Each structure stands twice: as C-alpha cells, then as structure tokens.
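Residue numbers (this note's numbering): 7 to 201.
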C-alpha cells in the first residue's frame, strides 16, 4: 500500500498577519483617530449661505437706478487718463444717466503711495465734484471696494484690475465698468447698449 498524503490541519497552519491589518495595535490607533476626524469633519461641515439681497430679481438688481453710484478704482483712473477720457462726461455718455463718481479713502491712499507718476490721477481724484467715502480701516483698496459692494449692492464698480473684476463677478447683481478701446465698457448692466 502507498503512503497516505498527510495534509495539515487548518488550525495548525501558522497564519501571517499583513502590515496593514486592522487588528494590529498601530493600525487600530490610526483607524480610531481617522474615524474621530471623519466624524468631527462631518459635524464641522456647516455651510453658511449669505443672505441674498431683497433687491435682486434673479441676477437683475432692482436697487441700481439712476443716478448711478460708481465706485472708482486706482487703475480705472490711470487708464482713463492714458486714453484721454474725461471721467464724468464719459460715464454719463456710457450709462445714459446722471452718475456720482465715488472715491474711497483707501483708493486715495493708494494713489498717494504710487508717487509722482500718478500725480495727475491724484489731482483728478481730489476734484470737488466727486463724492468721497470715509474709511476708518487701513486695508488694501480692492478689499475695501469688495466689502462695500457686498454690504450695499447700489454701486457700479469701475476697475481695470483683473483680480478685482474676478472677485466682483462672483457677487450677483453688481455691474463692472472698465476702460477698453478708448471708451468705457459696461459688464452685466441690464439694458446696457453696446456701441
């Protein structure tokens, strides 16, 4: 007779535990903290949705009526000078209504910091015809303009700054005015006419 094959019994086989097995102490500790972080992240995930202005009808801002309040940025003034555009007359021609150019203290401070190269823009900004908005904070002018527009959606933002335009585009119902091709261009103003 032949020799019977001897197979090992299941319990006698030495088992090897993998390095990533959850039963190991170091992996169990990681799993617990990961579980706690996941639960904490879920509980912290509270979305804050800003209150939408009551003057917005979808993307149409009903609070934006003539006379328009135009918040002017530093580079808008400098581009207007480079293109030899008179500020108030061109604004009225573009918007077909009376306009109130508004310059904040932050924009004035930025113009003063830029030095003698922008002294003509500074002289235009100091004109008595423009309305001045007082700022008690000392922050970057773009942040000041975005903050004002977020609080009160009654302004048109006049700027040529790409970054500021990108930030203002995220705010619904706020039109953007910029200088291009020797004229002012309006973006997102209802009933705006392209010449």
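Yeah, the Cβ is synthetic: ideal placement off N, Cα and C, and Gly gets one too. These figures come from a predicted structure and were not determined experimentally.
The Cβ neighbour count for residue 82, taken over all protein chains shown within 10 Å, is at least 16; the residue is labelled buried. Ranked by how close their Cα comes to the Cα of residue 77, the residues 190, 178, 194, 154 have 154 in first place. The segment 159 to 178 and the segment 129 to 143 do not touch, with fewer than three beta-carbon pairs separated by less than 8 Å. As the crow flies, the alpha-carbon of residue 160 is around 23 Å from that of residue 115.
In chain order, 33 place their CB closer than 7 Å to the CB of residue 27, counting only its own chain and leaving out the 5 sequence neighbours on each side. Note on geometry: alpha-carbon atoms of residue 95 and residue 183 lie some 14 Å from one another.
Measuring C-alpha to C-alpha distances from residue 174 to each of 119, 74, 107, 156 identifies 156 as the nearest. Apart from the 5 residues on each side of it in sequence, residue 188 sits with its Cβ closer than 6 Å to the Cβ of 89 in its chain, given in chain order. Minimum Cα-Cα distance from residue 162 among the listed residues 147, 132, 35, 97 corresponds to 97.
Boundaries of the alpha helix (DSSP H) harbouring residue 117: 111 to 120, taken from the DSSP string.
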